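Step one of this worksheet: look at the structure below.
In the numbering used here, the protein residues as written are 129 to 843.
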């Protein structure tokens, strides 16, 4: 052993080959934190000074190679000035350059995962060999930045501009076959042959059979394309990537510009250009939001993991009420490996549920994501029934009947008689109090809410709702089942609307107010889509359904009469009374025609404007900025109230609920992060401009305190 640190060791093997091994103590994965980078520098210096070393293999002592940089360090690092960030990146790149410039051949043996800085370490090697099951990639653009350890410099020089743009701007993880085809790796071998293959490669290079210096040379020089070829390569990809990424995600386009600027320079100057662009991206609010999002997601997963010890095992599930929702739940459970009974009182309900599951599984087969035999297995795991015959064996029942308290009470009381004593019963309700629904049950401690979002297979969030009497075991089992279904569970306390709908209805309240002020709903949709929402409020209401919105609003008005009860006739009332329920009836704010793919396509319907004329109380000239404020202030204030009321435990839970549940713009990080970005004091001042609109626009005392003390929701 010539070097031994807490993350890296260097050992001399036979034939003068050194093995530089990453194995970060106390962690399940290897990552590049400041300590690991310092050790890499020291390890490289040791190798440089030992003239007996003839070649180096780089390996990992863990199931993965290196997952990338330590993202927890980004929060602090991104607070540095641009100049300091540039200097830090250049310093780090000196370490990678020193490794790349070793006087001997180097081979990376890539196992498990090599992402971001992990792949950049491999790119600094002369040769790369990859295990069959491994995935590699440069996902930095998903964090609002781009590769900063030489990725934008080495990759286009190794695999060409087109391929490099696809890998860097797309940010996707790539499998072994794609990596070999693109030329990112030199060989792919069976997992158990990886180390032998790396040793074989380095020996062949030592023997002169492989020319490692020739392999290294292109990475040190400018890109081998003339001016016209460069322009063609970069300009065509820029247009495409800008269209894909959209204006709110600048990093993919910035990465291409960086590669273009650096194309006519050798390694040192090219790395300086990379560092400057990296620092520029790191200082954006988009990077702050997306890094925050990543860390919030990790916090959420680790919180969900804590429930595992308490959770009961779910070997068999059941869903009550088939149809589209029940079919979606049954599909998700069966597809992820938990058999499920699907009960309905009507044969056509069961057929609808089975058709939904079959359609979703069929799509996976069509796209090559599933083999026909796997589809058959999943369909066989859904057992349709019209009786409670097999319910004695069920571990969890998800009740998904109509959103009506009386119907739910009757169904819940009935199912409790047919399940074992410790079975969990969960209600898929979007607004009805879990504590209230529990009144129908003899064992309320085994009852929770499990709110799925539509469409079930697409939406990642499940709200697990704790009623007054829900036991920790019931919560834990439901969280574990949601995770097993591939969902992200957030535990929330009971209140009307829980988290997501409680926050969403004030947003619709802002929309109703805008229509009353004479705003054109199409313009409002366009402004909010530009802000970053996947769809504007009028279109969203059409998708949700006017009947659902109408009912939900009544529940919220009863729950929060001080700010959500409004006697004024709204746009939703008008549509509901005209039986324009949205996509389900073919007409709402928009009219719907079927497109070539058989999907509903919205078109403008003049009749909608005629219907809305009587409820316009004033014609006020509004700027786009005012439209955003009138929509966003009530949503953000209600999110802050949910945190203050203890409905969610942390600001991270609240923000992730909105991002996963209603498509809040990820690059803005969630409602509370959005307030932080504006500044709490500035946000309070914006809200105060609309004080005349009533309590929904009035900041809480706690928020005013935070503003006065210069506090934030996130550190």
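For every residue, glycine included, the Cβ atom is placed at its ideal position computed from N, Cα and C. Since the structure is predicted, the reported quantities are computational estimates derived from the model, not experimental observations.
With 16 other Cβ atoms within 10 Å as the buried cut-off, status of residue 579: Taking the chain shown and counting its residues from 1, the one referred to as residue 579 is at position 451. Per the 10 Å Cβ criterion, buried.
Just the Cα atoms here: how many angstroms apart are residue 157 and residue 193? By 1-based counting over the chain shown, the position of residue 157 is 29. By 1-based counting over the chain shown, the position of residue 193 is 65. Taking the straight line from one Cα to the other gives about 8 Å.
How long is the line joining the alpha carbons of residue 822 and residue 493, rounded to whole angstroms? By 1-based counting over the chain shown, the position of residue 822 is 694. By 1-based counting over the chain shown, the position of residue 493 is 365. If I take the Cα positions, the gap works out to 52 Å.
Measuring alpha carbon to alpha carbon, tell me which residue in 587, 176, 606 and 135 is nearest residue 162. The residue labelled residue 162 in the question sits at position 34 within the chain shown. The candidate whose alpha carbon is nearest that of residue 162 is 135.
When burial is assigned at 16 or more other CB atoms within 10 Å of the CB, is residue 204 buried or exposed? If you number the chain shown from 1, residue 204 lands on position 76. Exposed is the call here.
Determine, using beta carbons only, whether residue 195 and residue 149 come nearer to each other than 8 Å. Here residue 195 corresponds to residue number 67 of the chain shown, with the count starting at 1. Here residue 149 corresponds to residue number 21 of the chain shown, with the count starting at 1. Not closer than 8 Å, so no.
For the putative contact between residue 369 and residue 380, defined by C-beta atoms under 8 Å, what is the C-beta separation to the nearest angstrom? Within the chain shown, numbered from 1, the residue matching residue 369 stands at position 241. Within the chain shown, numbered from 1, the residue matching residue 380 stands at position 252. About 5 Å; that satisfies the 8 Å criterion.
Given residue 514 as reference, the closest of 543, 426 and 627 once Cα atoms are compared: Here residue 514 refers to the residue found at position 386 when the chain shown is read from its first residue. Here the closest residue by C-alpha is 543.
Distance between residue 754 and residue 827 (C-alpha atoms, nearest Å): Taking the chain shown and counting its residues from 1, the one referred to as residue 827 is at position 699. Taking the chain shown and counting its residues from 1, the one referred to as residue 754 is at position 626. In a straight line, the C-alpha of residue 827 is about 17 Å away from that of residue 754.
Counterpart residues of residue 228 in DSSP-defined beta bridges: Taking the first residue of the chain shown as 1, we reach residue 228 at position 100. Its beta-bridge partners do not exist; DSSP assigns none.
Exposed unless 16 or more other CB atoms sit within 10 angstroms - verdict on residue 314: Residue 314 sits at position 186 when you count from the first residue of the chain shown. That one is buried.
According to DSSP, is residue 430 helix, strand or coil? Mapped onto the chain shown, residue 430 falls at position 302. Of the three classes helix, strand and coil, the one that applies to residue 430 here is helix, per DSSP.
Is the Cβ-Cβ distance between residue 237 and residue 322 less than 8 Å? Along the chain shown, read from residue 1 onward, the residue named residue 237 stands at position 109. Along the chain shown, read from residue 1 onward, the residue named residue 322 stands at position 194. Closer than 8 Å, so yes.
My assumption, with CB atoms under 8 Å, is that residue 249 sits in contact with residue 316. Please give the rounded CB distance. The residue given as residue 249 occupies position 121 in the chain shown. The residue given as residue 316 occupies position 188 in the chain shown. Actually they are not in contact, since the Cβ atoms of residue 249 and residue 316 sit about 18 Å apart, beyond 8 Å.
If the criterion is Cβ atoms closer than 8 Å, does the pair residue 575 and residue 561 meet it? Stepping through the chain shown from its first residue, residue 575 is reached at position 447. Stepping through the chain shown from its first residue, residue 561 is reached at position 433. Contact flag unset, no.
Less than 8 Å between the C-beta atoms of residue 185 and residue 326, yes or no? The residue you call residue 185 lines up with position 57 of the chain shown. The residue you call residue 326 lines up with position 198 of the chain shown. Yes, these two residues count as a Cβ contact at 8 Å.
When the Cβ atoms of the region 795-803 are set against those of the region 730-738, are three or more pairs found closer than 8 Å? no
Tell me which residues share the same chain as residue 639 and place their Cβ nearer than 6 Å to its Cβ, disregarding the 5 neighbours each side in the sequence. In the chain shown, the residue the question calls residue 639 occupies position 511. Cβ within range, chain order: 665.
If I measure Cβ to Cβ from residue 531 and keep anything under 8 Å in the same chain, skipping five residues before and after, which residues do I get? Here residue 531 refers to the residue found at position 403 of the chain shown. The answer, listed in chain order, is 557, 558, 559, 560, 676 and 679.
What residues match up with residue 235 in a beta bridge as DSSP calls it? Position 107 of the chain shown, counted from the start, is the residue given in the question as residue 235. Answer by DSSP bridge pairing, in chain order: 185 and 255.
Curious, which full-length alpha helix (DSSP H) runs of at least 4 residues does the region 458-510 contain? 475-494 and 500-508
Which parts of the region 151-177 are runs of the alpha helix (DSSP H), unbroken and 4 residues or longer, counting only runs that do not cross its ends? 162-176
Check whether the Cβ atoms of residue 468 and residue 439 lie closer than 8 Å to each other. By 1-based counting over the chain shown, the position of residue 468 is 340. By 1-based counting over the chain shown, the position of residue 439 is 311. Against a cut-off of 8 Å, the Cβ pair of residue 439 and residue 468 comes out as no contact.
Per DSSP, residue 131 is paired with what? The count along the chain shown starts at 1 and reaches residue 131 at position 3. 138, per the DSSP bridge assignment.
Using a Cβ-Cβ cut-off of 7 Å (strictly less than) and excluding sequence neighbours within five positions of residue 766, which residues of its own chain qualify? For the purposes of this step, residue 766 is identified with residue 638 of the chain shown, where counting begins at 1. Contacts found: 630, 631 and 634.
In chain order, what residues of the same chain have a beta carbon less than 7 Å from the beta carbon of residue 263, not counting five sequence neighbours either side? Here residue 263 is taken as the residue at index 135 of the chain shown, counted from 1. Counting only Cβ-Cβ distances below 7 Å, and skipping sequence neighbours, we find 241, 301, 302 and 303.
Measuring CB to CB, does residue 293 end up less than 8 Å from residue 199? Here residue 293 refers to the residue found at position 165 of the chain shown. Here residue 199 refers to the residue found at position 71 of the chain shown. Cβ distance not < 8 Å, so residue 293 and residue 199 don't count as in contact.
Reducing DSSP to helix, strand and coil, say where residue 651 ends up. As a first step, residue 651 must be located in the chain shown, where it is residue number 523. Residue state, collapsed to three classes: helix.
By a C-beta neighbour count over all protein chains shown, 10 Å radius and 16 as the cutoff for buried, is residue 331 buried or exposed? What you label residue 331 is simply residue 203 of the chain shown in a count that begins at 1. Classification of residue 331: buried, given that the 10 Å Cβ count is 16 or more.
Whether residue 729 touches residue 723 by CB criterion (8 Å): Taking the chain shown and counting its residues from 1, one reaches residue 729 at position 601. Taking the chain shown and counting its residues from 1, one reaches residue 723 at position 595. Yes, they are a contact pair.
Smallest Cα separation from residue 488: which of 833, 260, 399 and 504? The residue given as residue 488 occupies position 360 in the chain shown. Residue 504 is the option with its Cα nearest to residue 488.
Can you list, in chain order, the residues of its chain whose CB lies under 6 Å from that of residue 667, leaving out five sequence neighbours each side? Working through the chain shown from its first residue, we reach residue 667 at position 539. The answer, listed in chain order, is 653.
Excluding the five sequence neighbours on either side, which residues of its own chain have a C-beta within less than 7 Å of the C-beta of residue 273, listed in chain order? Locating residue 273 in the chain shown gives position 145, where the first residue counts as 1. So the qualifying residues of the chain are 379, 406, 409, 410 and 415.
Using a Cβ-Cβ cutoff of less than 8 Å, which residues in the same chain neighbour residue 685 once the five nearest sequence positions on both sides are dropped? Your numbering for residue 685 matches position 557 in the chain shown. Only 692, 693 and 694 meet the Cβ criterion.
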